[in-house]
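Numbering (the working numbering), first residue to last: 4 to 289.
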């Protein structure tokens, strides 16, 4: 082969190599751009400015560190977010605790799974008559929510207060039928959760969910007993939830990582200085 032809062939090879390298580089850049522009739709409850501040922090971390844009769909009814997730209208939701998810899956033939922990918000007992829960009289009436998961939680609160004993484990939903000891013969009045605060005029005490307590103008300092965070609390930890088929989705896992940060912890502490809501990831329960 003469030198001229050899140089032509070498030139062609160089051009081909450069073209291939450019194509690979373009593909990698395109893939990177896809990651940067990734959008995840999350269903949450219409909340307070405190809750909003937490998600603002998470959104910033998700965008800055993982290139993920979070878009929120707000719900006003607890029955809606899981249905929307199951139907594929949203990618994730974050509004419920483990016990609620377990009950919903069972009742709706669902296949939703928790992929990360968020917060736990201890609920409290309130009264217009009592200063201390131990002062409740023989045969007194205590109102509790009547839906499966919240009634169970209320009964665990009464157990923690030393008023009743239950025969179920820390991971099982309790009902009034599971009460094995009730020394003061207390009457457990089951009401819709939204009515428990309104019932304070007609009962000795009521176990009230935080959102309804806030709506009723009640403060944590008004409570006569607050749920302790202990070994029974695992089921009340709030969670980020996905469809079973997506539980190993790396982008969704990055959303969880964006939530479970020191920045989020600081925002929670600032939003809830009374510790009515605390970070739940890495929480050691005894």
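A virtual CB, placed ideally from N, CA and C, is assigned to each residue, including glycine. Since we're looking at a predicted model, the values are computed, not measured.
Which value, in whole angstroms, describes the spacing of the CA atoms of residue i and residue j?
i, j, result
"residue 290", "residue 135", "Only positions 4 to 289 of the chain appear in this structure, which leaves residue 290 out of reach."
"residue 161", "residue 67", "44 Å"
"residue 52", "residue 271", "12 Å"
"residue 49", "residue 79", "6 Å"
"residue 195", "residue 148", "5 Å"
"residue 130", "residue 94", "41 Å"
"residue 133", "residue 182", "23 Å"
"residue 42", "residue 253", "13 Å"
"residue 240", "residue 120", "7 Å"
"residue 74", "residue 279", "26 Å"
"residue 273", "residue 164", "29 Å"
"residue 61", "residue 89", "24 Å"
"residue 37", "residue 44", "Only weak support exists for where residue 37 lies, its pLDDT of 46 falling under 50; the coordinates are left without a value."
"residue 105", "residue 116", "9 Å"
"residue 184", "residue 167", "5 Å"
"residue 77", "residue 69", "23 Å"
"residue 259", "residue 215", "28 Å"
"residue 284", "residue 65", "17 Å"
"residue 237", "residue 204", "32 Å"
"residue 246", "residue 108", "11 Å"
"residue 277", "residue 57", "16 Å"
"residue 179", "residue 275", "32 Å"
"residue 251", "residue 84", "20 Å"
"residue 159", "residue 171", "10 Å"
"residue 82", "residue 224", "30 Å"
"residue 193", "residue 222", "23 Å"
"residue 269", "residue 234", "25 Å"
"residue 198", "residue 113", "28 Å"
"residue 139", "residue 229", "15 Å"
"residue 256", "residue 202", "42 Å"
"residue 137", "residue 209", "14 Å"
"residue 111", "residue 102", "14 Å"
"residue 267", "residue 186", "43 Å"
"residue 318", "residue 261", "This structure cannot speak to residue 318, because the chain is shown only from 4 to 289."
"residue 169", "residue 63", "44 Å"
"residue 265", "residue 91", "31 Å"
To which residues does DSSP link residue i through a beta bridge?
i, result
"residue 216", "In DSSP, residue 216 forms no bridge with anything."
"residue 184", "168"
"residue 209", "129, 146"
"residue 193", "147"
"residue 42", "72"
"residue 47", "77"
Skipping 5 residues on each side, what residues in its chain have a beta carbon closer than 8 Å to that of residue i?
i, result
"residue 218", "200"
"residue 232", "123, 125, 281, 286, 288"
"residue 87", "46, 76, 78, 93, 96"
Could you round the C-beta distance between residue i and residue j to whole angstroms and report it? I think they count as a contact, below 8 Å.
i, j, result
"residue 226", "residue 128", "6 Å"
"residue 145", "residue 191", "6 Å"
"residue 212", "residue 153", "6 Å"
"residue 100", "residue 242", "7 Å"
Leaving aside the five residues before and after residue i along the sequence, list all residues of the same chain whose C-beta is less than 6 Å from its C-beta, in chain order.
i, result
"residue 54", "none"
"residue 155", "176, 177"
"residue 220", "none"
Whose C-beta lies closer than 7 Å to the C-beta of residue i among residues of the same chain, with five residues either side of it excluded?
i, result
"residue 188", "141, 142"
"residue 151", "106, 176"
"residue 206", "144, 145, 146, 192"
"residue 263", "119, 284"
"residue 59", "none"
"residue 157", "147, 148, 210"
"residue 35", "Note that residue 35 scores 45 on pLDDT, short of 50, meaning its location in the model is unreliable; the coordinates nonetheless yield the value given after this. Result list for residue 35: empty, nothing under 7 Å."
Going residue by residue through the stretch 63 to 141, where are the continuous beta strand (DSSP E) segments of at least 3 residues, counting only ones entirely within it? Counting only runs of 3+ residues, the beta strand (DSSP E) found wholly inside the stretch 63 to 141 occupies 71 to 78, 115 to 120, 127 to 129, in chain order.
Which runs of the alpha helix (DSSP H) fall wholly inside the stretch 225 to 284 and span at least 4 residues, in chain order? Runs of the alpha helix (DSSP H) inside the stretch 225 to 284: 253 to 262, 265 to 274.
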